[in-house]
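Worksheet for the structure shown next.
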Amino acid sequence: MMIDLPNTTTNKVAKKLISSRRTHGVVALSRVLTLVVITREGFAENAIEAANLASREHPCRIIVVVRGSEKGENRLDVQIRVGGDAGASEVIVMRTHGPNMAADEALISALLLPDAPIVAWWPHGVPADPYNTALGKLAHRRITDSNETSDPTEALFQRASTYRAGDTDLAWTRITLWRAQLASIIDLIGTEGLTGITVKGSENSPSTSLLAAWLTMCLEVPVTIAADKSTGGLSSVRLTREAGDVELSRPSGAVAHLYLPGTAPQRISLPRRSVAECLAEEMRRLDADDVFGEVITRGLALTNLRSIRSSDR
Amino acid sequence: MSNPLRDARDRRLNRIAGPGALVFFGITGDLARKKLMPAVYDLANRGLLPPNFAIVGFGRRDWTAEDFANQAREWILASARTPFNETVFDQLAAGMRFISGAFDDDNAYEKLAETLDELAESRSTGRNHAFYLSIPPSWFDVVCQKLSEHKLAKDENPGWERVVIEKPFGHDLQSARELNQIVESVFPADSVFRIDHYLGKETVQNLLALRFGNQMFEPLWNNKYVDHVQITMAEDIGIGGRASYYDGVGAARDVIQNHLLQLLALTAMEEPISFNADHLRSEKEKVLTAVQLPEDLGQASARGQYTSGWQGGEEVVGFLDEEGFNPLSKTETFAAVRLNINTRRWNGVPFYLRAGKRLGRRVTEIAVVFKRAPNLLFTDHADDEFGQNAFVIRVQPDEGATIRFSSKVPGTQMEIRDVTMDFGYGNAFTESSPEAYERLILDVLLGEPPLFPRHEEVEQSWRILDPFEEYWAAQPEQPDPYLPGSWGPASADELMAKDGRTWRRP
Chain A
1 MMIDLPNTTT
11 NKVAKKLISS
21 RRTHGVVALS
31 RVLTLVVITR
41 EGFAENAIEA
51 ANLASREHPC
61 RIIVVVRGSE
71 KGENRLDVQI
81 RVGGDAGASE
91 VIVMRTHGPN
101 MAADEALISA
111 LLLPDAPIVA
121 WWPHGVPADP
131 YNTALGKLAH
141 RRITDSNETS
151 DPTEALFQRA
161 STYRAGDTDL
171 AWTRITLWRA
181 QLASIIDLIG
191 TEGLTGITVK
201 GSENSPSTSL
211 LAAWLTMCLE
221 VPVTIAADKS
231 TGGLSSVRLT
241 REAGDVELSR
251 PSGAVAHLYL
261 PGTAPQRISL
271 PRRSVAECLA
281 EEMRRLDADD
291 VFGEVITRGL
301 ALTNLRSIRS
311 SDR
Chain B
1001 MSNPLRDARD
1011 RRLNRIAGPG
1021 ALVFFGITGD
1031 LARKKLMPAV
1041 YDLANRGLLP
1051 PNFAIVGFGR
1061 RDWTAEDFAN
1071 QAREWILASA
1081 RTPFNETVFD
1091 QLAAGMRFIS
1101 GAFDDDNAYE
1111 KLAETLDELA
1121 ESRSTGRNHA
1131 FYLSIPPSWF
1141 DVVCQKLSEH
1151 KLAKDENPGW
1161 ERVVIEKPFG
1171 HDLQSARELN
1181 QIVESVFPAD
1191 SVFRIDHYLG
1201 KETVQNLLAL
1211 RFGNQMFEPL
1221 WNNKYVDHVQ
1231 ITMAEDIGIG
1241 GRASYYDGVG
1251 AARDVIQNHL
1261 LQLLALTAME
1271 EPISFNADHL
1281 RSEKEKVLTA
1291 VQLPEDLGQA
1301 SARGQYTSGW
1311 QGGEEVVGFL
1321 DEEGFNPLSK
1331 TETFAAVRLN
1341 INTRRWNGVP
1351 FYLRAGKRLG
1361 RRVTEIAVVF
1371 KRAPNLLFTD
1381 HADDEFGQNA
1391 FVIRVQPDEG
1401 ATIRFSSKVP
1411 GTQMEIRDVT
1421 MDFGYGNAFT
1431 ESSPEAYERL
1441 ILDVLLGEPP
1451 LFPRHEEVEQ
1461 SWRILDPFEE
1471 YWAAQPEQPD
1481 PYLPGSWGPA
1491 SADELMAKDG
1501 RTWRRP
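Chains as they are written, first to last, in our numbering: chain A, 1 to 313; chain B, 1001 to 1506.
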């Protein structure tokens, strides 16, 4: 069910939320957090869809602030979505227009769930300093997506320079499955005789850089990034060892191949993760991700991020 | 060997099982088809199994590995929780083998040994073998013996051997000990995993979180505030085709001895100092050891058998009227018992356990019922059932927790009424909440035993149940009849009424 409230105030929205619950029996069950999505016109629907999917794992209230033009008349249009149109959540889409309608605490505070953690998510475009934005300070967790910017690598370094505990980036979440597989490979073969690692992925992919930085930091061996034009993200990780190289490779699709010396290649399900999946993982824990913090503040600096192209070799 | 990629703070990384082979005895049974194989597939689909994982089916069917894989595909399509993915299945199917033979057939075990050798080569299983005995306990003896004879239970090669057994763990203390002796003579005690699938359920684990992760419940969790505890496991179905298995077993052995006493232990135990298997199991064992049997077993128990009748719009056949069934059977389909726990915390707080078939609805819950508040202000309600707070943990279905308390009724008078505050894992959560078997199979492969009861716990629970069983067996009359769709025989209500209490309607 969708309820449109054109040219309104948050006070009226809050009242409408309560009355719709009474008249339609729309129940708010165990909402565990408020997700604040900060976006622009044109990107909102995709973000809402992902957030709705993620809300199946974490019932939440989703407040989507869609910033319209900063010129012209001040105006707030709101749409409330509940029930079938909102997954396991209730969605409040707030479209702001005009110079005085800033996306700040005063705009949304009446709609925040009492006592519940707040997660802020910028699905598109990363603010220079997420913590020091009006809504970033309010949030326990700040999720950005450096991949969804015009210059992803630049965005990643920007994130590194302004990192605060509670920050996280979906470029990091996208490599969780890779990291899990690599960790279990090391469980199997150990680190003895490991002399170097080659991470192959597209240039300008923050996920590739983060994986290289994580491996450099943890394993203390030289990590080389090799450019791969054929893919949009990571394509393989090769561990160079005295006892024979090991490679985990996913050239395309959802299936990776694992090459271990002396055995037939093995196929592993390693699908690309959707934004909804990443978001659900982010909302699973609301305390700071220290490992990400170390990788982005310390690991990145240790890593040689210059991609080697095939012509350089 | 420490792995620098594993950081305790990095909680995004799931632990993935190491390489290994899972050998299912009784692969064509109901459990394997409906739960075990789908759970293995779901684990693979979630990326929690290593790619070279191998599954060996052992059964009497004359199947090839391909036949087995084709059957497995159907079982998975029918019952898996996660969507079907051809690649994941193919990878899994490439590691499937089938051994055709009887459980006492030496040739079959020869073939099993060869197959495991072959898998160690082709799938690099690292000679890690888990034997899942999804078979009647009467076969444990033979299978363990054969595994031992063929040097499969303890081989000299590197790699671990583990054995997984399902309830029933015996039918009384004596037989449980014998069974254990058989299994533990072949496998070391810490390689024996006893599956009680209830313990793999999220809500049961959540019980620990609720009790020990919060400050507000634990201070009330004792005989100063708690009046009594009711633990219920009700099924709305009857015995159906399982009549031959069920005769001579009954609700108490089937459910109370394992599931309900485990729930009792988790509800009543002291806080373990960690989630380490030893610590958790010691606490459960301590509280089970402290369970005291009532002096008059007849006064503290009730049993029943459902009759024929109409339940929820369909006609159902009574327990004794099942075709080919012994009409003189004294096996109970409903059992209720009262237990006391002789500790400082629980002395004087009775624990009522009931389990039955063909009851009002399918539900499992733990209800902690608090003492009545001293009613000075609201004297109108002093005598009725209002005003008794309760904290209810719903184990299944509709997993969650409910708190019951009084609230003022709107109006000019100071009327109060009981209301509930509800926490539901909700329908929304079930989509991502793993099946109990997924969790348990993964724990077996990872070698993490906290959720599996130790033999000492099994012995303790038989110590508690055996006297009731002996008492019931000595009674000349059959259990009391009760109507299908009801909440058990009148004697169950009398059991509570004697103590001035009533059963909750779950």
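Glycine included, C-beta positions come from ideal geometry on N, C-alpha and C.
Remember, predicted model here, so these are calculated numbers, not experimental data.
Tell me, please, whether the CB atom of T1420/B is closer than 9 Å to any CB atom in chain A?
no
Quick check for students: name the residue ranges of the alpha helix (DSSP H) that lie wholly in the segment 1186-1240 of chain B, counting only runs of 4 or more.
1202-1212
For V1363/B and P1506/B, the rounded distance between their alpha carbons
7 Å
Per-residue burial, T263/A [other beta carbons within 10 Å of its own, 16 or more giving buried]:
exposed
Given this structure, state the Cα-to-Cα distance separating P261/A from L188/A, to the nearest angstrom.
12 Å
Taking DSSP as the reference, what is the three-state secondary structure of P1350/B?
coil
Determine, using beta carbons only, whether R272/A comes closer than 9 Å to chain B.
no
Is any beta-carbon of chain A found at less than 9 Å from that of A1044/B?
yes
What residues in the segment 171-199 of chain A have a beta carbon less than 8 Å from any beta carbon of chain B?
T173, T176, L177, R179, A180, Q181, L182, A183, S184, I186, D187, L188, G190, T191
Do E1332/B and W1160/B have their C-beta atoms closer together than 9 Å?
no
Using 8 Å as the threshold, is the segment 38-48 of chain A in touch with the segment 1-18 of chain A, meaning 3 or more CB pairs across them?
no
Outcome for Y1225/B when other beta-carbon atoms lying within 10 angstroms are tallied against a minimum of 16
exposed
For R1361/B and N1427/B, the rounded distance between their alpha carbons:
A caution first: N1427/B carries a pLDDT of 47, below 50, which makes its placement in the model unreliable, though a value can still be read off. Going by the C-alpha atoms only, they are around 18 Å apart.
Within 9 Å of any Cβ in chain B, is that where the Cβ of T23/A sits?
no
Just verifying my parser: in three-state terms, what is the DSSP assignment at D1466/B?
helix
Use the C-beta contact count for W1310/B: other C-beta atoms within 10 angstroms, 16 or more gives buried, fewer gives exposed.
exposed
Could you tell me the distance, in whole angstroms, from the CA atom of T297/A to the CA atom of A1367/B?
50 Å
Going along the chain, which unbroken runs of the beta strand (DSSP E) with 3 or more residues stay wholly within the segment 47-132 of chain A?
60-67, 75-81, 90-97, 118-121
Short of 6 Å in beta carbon distance, which residues of its chain neighbour P138/A, apart from the five on each side in sequence? Order them along the chain.
According to the sequence as given, residue 138/A is Leu; it is not Pro. Correct list, in chain order: E105, I118.
Entirely within the segment 1001-1081 of chain B and at least 3 residues each: give me those beta strand (DSSP E) ranges in chain order.
1021-1025, 1054-1059
Among the candidates H1150/B, D1105/B, N1157/B, L1092/B, whose CA atom is the shortest distance from the CA of A1120/B?
N1157/B
Less than 9 Å between CB atoms is the rule here; does T263/A satisfy it with respect to chain B?
yes
Drop a sphere of 10 angstroms on the beta-carbon of R1012/B, count the other beta-carbons inside from all chains shown, and report buried for 16 or more, exposed for fewer.
buried
Taking DSSP as the reference, what is the three-state secondary structure of K200/A?
strand
What first and last residue would you give for the alpha helix (DSSP H) that runs through R298/A?
Per DSSP, R298/A belongs to no alpha helix (DSSP H) and is neither H nor E.
Three-way DSSP call (helix, strand, coil) for Q1413/B in this model:
coil
Pull out every residue of the segment 1089-1102 of chain B whose Cβ sits closer than 9 Å to any Cβ of chain A, in chain order.
D1090, Q1091, A1094
Does any C-beta atom of chain B lie closer than 9 Å to the C-beta of L239/A?
no
Near-chain A residues of the segment 1008-1019 of chain B - C-beta to any C-beta below 9 Å:
R1009, D1010, R1011, R1012, L1013, N1014, R1015, I1016, A1017, G1018, P1019
Any C-beta of chain B within less than 7 Å: which residues of the segment 203-227 of chain A qualify?
C218, L219
Where V1419/B falls, given that 16 or more other Cβ within 10 Å makes a residue buried
exposed
With distances taken from CA atoms, which of H1171/B, V1229/B, G1029/B is nearest V1369/B?
V1229/B
According to a CB-to-CB cut-off of less than 8 Å, which residues of the segment 1039-1069 of chain B neighbour chain A?
A1044, N1045, G1047, P1050, P1051, N1052
Proximal residues of chain B, C-beta to C-beta of S236/A below 9 Å
Under the 9 Å cutoff, chain B gives no residues; its nearest Cβ is about 15 Å from S236/A.
Once the 5 residues before and after P1489/B are set aside, which same chain residues still bring their CB inside 7 Å of it?
A1302, G1304, F1334, D1480, P1481, Y1482
How is the alpha helix (DSSP H) around A139/A delimited, first residue to last?
Here A139/A belongs to no alpha helix (DSSP H), and DSSP marks it neither H nor E.
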